[in-house]
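Asks:
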Amino acid sequence: MSYQHIINALGLGCAPSTAMYTDDPKLAIREAPGLNVAIAKGWSVAIPDHLGPPHAYGAAKLGGQITLDGIRAAGRFDALGLGASPVGMAGYSGGGMATAMAAAIAPTYAPELELAGSAYGGAPMNIDKMAKALGQQKHPAFGLAMAAALGLEREYLRPYADHESAQ
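Numbering (this note's numbering), first residue to last: 862 to 1028.
1) Would you mind sorting His911 into buried or exposed? The rule is 16 or more other CB atoms within 10 Å of its CB.
2) Could you tell me the distance, in whole angstroms, from the CA atom of Gly924 to the CA atom of Ile966?
3) Kindly indicate which residue of Ser863, Asn869 and Met862 has the alpha-carbon position closest to the one of Ala984.
4) Considering only the beta carbon of each residue, do Glu892 and His916 sit closer than 9 angstroms?
5) For Leu873, tell me which candidate among Val906, Leu888 and Ser863 has the shortest Cα-Cα distance.
6) Per DSSP, what kind of secondary structure is Ala1010 in: helix, strand or coil?
7) Apply the 10 Å Cβ neighbour rule to Glu973 and answer buried if 16 or more other Cβ atoms are within range, or exposed otherwise.
8) Taking 8 angstroms as the cut-off, is the beta-carbon of Arg1015 closer than that to any non-hydrogen atom of the ligand PLP?
9) To the nearest angstrom, how far is the alpha carbon of Thr928 from that of Gln998?
10) Can you look up Gln997 in the DSSP assignment and give me helix, strand or coil?
11) Check whether the Cβ atoms of Val906 and Ser863 lie closer than 9 angstroms to each other.
12) If you follow the beta strand (DSSP E) that Ala980 is in, where does it begin and where does it stop?
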């Protein structure tokens, strides 16, 4: 199973590779008890840092690719004995975006994977509609929308800006 952790942030502190080993209760992975149930049943659980090196919250395509690459890596790690085992994916919020995109691109990006299913929630499905709605009045989710805008800039615009400034 690949679980895409709830991340709505632009920094490394909330990334699973950091949060899984923290003593800070604000950063702890609260879904860990549910994941422990899967592990107790003998499942292997992959938890990728689906925001990638630029911490690009909102860049769902990157998150989907990282998720599928993590599944590939786990399947190729012989010590786990997974081989061609079917795989399920799950995620919520920022992790839901990565899970939904992974499910959408898997047939072309990772056709060799046998995906049994995916479950995701709390993921905005129409970013344009959400942005327009949040821009019209005060809204408690404005901070998330701003974080997504910054994450999208990091993933899609910064490479172009860096290239132009180097010339």
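C-beta: ideal position from N, C-alpha, C; glycine also.
Replies: In brief:
1) Per the 10 Å Cβ criterion, buried.
2) Answer to the nearest angstrom: the Cα atoms are 11 angstroms apart.
3) Nearest C-alpha to Ala984: Asn869.
4) No. Outside cutoff.
5) Checked all of Val906, Leu888 and Ser863; the closest Cα to Leu873 is Leu888.
6) DSSP places Ala1010 in helix when its eight states are reduced to three.
7) That one is exposed.
8) As presented, the structure is devoid of all ligands, the ligand PLP included, so that no description of it is given.
9) Going from the Cα of Thr928 to the Cα of Gln998 covers about 35 angstroms.
10) DSSP places Gln997 in coil when its eight states are reduced to three.
11) It is a contact, given that the beta carbons lie within the stated cut-off.
12) Leu976 to Gly982 is the span of the beta strand (DSSP E), which, as asked, contains Ala980.
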